[in-house]
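The structure appears right after this line, and notes come after that.
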Amino acid sequence: MGDDVQTGVTRRDVFKVGGITFAGYAMSVDTVLAQAIKTDTDGIVAGDFRVTVGDYVMPVYEARPAAGKDHPIILVISEIWGVHEYIRDCARRFAKAGYYAVAPELFGREGGVGHLPNIQDVLKIVLAHPREQTLGDTAAAVSGRRRGPT
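Quick note, the working numbering runs 189 ahead of the 1-based positions in the sequence shown.
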């Protein structure tokens, strides 16, 4: 590697371009969601349920193998957009692999975020979300008592 090529591009310039790339990815989420894979439910049970967390009833999406019992549980955590079709599909794919997948709607107390078109409004909710609430909600999603399909 003795022949260094001078390009005039600094490491800082590379990070600037990288930031633009990632910002473009974030702005294209709707396009990506429109092309989500749709895993079928053959051999699995999947759907929307509710879990009680104190006085709050939290929506969750669950998928598990139709046969057998005591499947290992996997917690499917959504990104800032909440439980949308891609997250549901991930849960179904885990169920096809033999797991009991649970995806809690972590921002449901605040009215959810999936319907908000402005990223700034989404970030206000997501960034204000208390850590203790997230930990409690995820623990309840895994071990909580189900209140049937919604």
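Note that CB positions come from ideal geometry on N, CA and C, so glycine has one too.
If you follow the alpha helix (DSSP H) that residue i is in, where does it begin and where does it stop?
i: residue 323; result: 320-332
i: residue 316; result: 308-316
i: residue 262; result: That residue, residue 262, is in no alpha helix (DSSP H); its beta strand (DSSP E) goes 262-264.
i: residue 278; result: 274-285
Would residue i and residue j qualify as a contact pair, given that the criterion is a beta-carbon distance under 8 Å?
i: residue 282; j: residue 228; result: yes
i: residue 325; j: residue 301; result: no
i: residue 331; j: residue 226; result: no
i: residue 299; j: residue 314; result: yes
i: residue 157; j: residue 285; result: Here the chain has residues from 190 to 339 only, and residue 157 is not among them.
Which residues bound the beta strand (DSSP E) around residue i?
i: residue 251; result: 245-254
i: residue 238; result: 233-242
i: residue 291; result: 289-293
Apart from the five residues on each side of it in sequence, which residues of its chain come closer than 7 Å, Cβ to Cβ, to residue i?
i: residue 214; result: The predicted position of residue 214 is uncertain, since its pLDDT is 45 and thus under 50; a value taken from the coordinates is nonetheless stated next. Excluding sequence neighbours, residue 214 sits near nothing in its chain.
i: residue 294; result: 247, 248, 249, 271, 272, 301
i: residue 260; result: 253, 254, 287, 288, 289
i: residue 311; result: 269, 302, 305
i: residue 323; result: 295
i: residue 245; result: 298
Can you name, in chain order, every residue of its own chain whose Cβ lies under 6 Å from the Cβ of residue i, other than the five neighbours on each side?
i: residue 292; result: 250, 265, 272, 276, 280
i: residue 234; result: 253, 255
i: residue 220; result: Any reading at residue 220 must be qualified, since the residue scores a pLDDT of 49, below 50, and its modelled position is unreliable; no value is offered.
Residues in its own chain within less than 8 Å of residue i by CB, not counting five upstream and five downstream?
i: residue 256; result: 232
i: residue 210; result: Its pLDDT being 43, under 50, residue 210 is placed unreliably in this model, and the coordinates cannot settle the point.
i: residue 278; result: 225, 226, 227, 228
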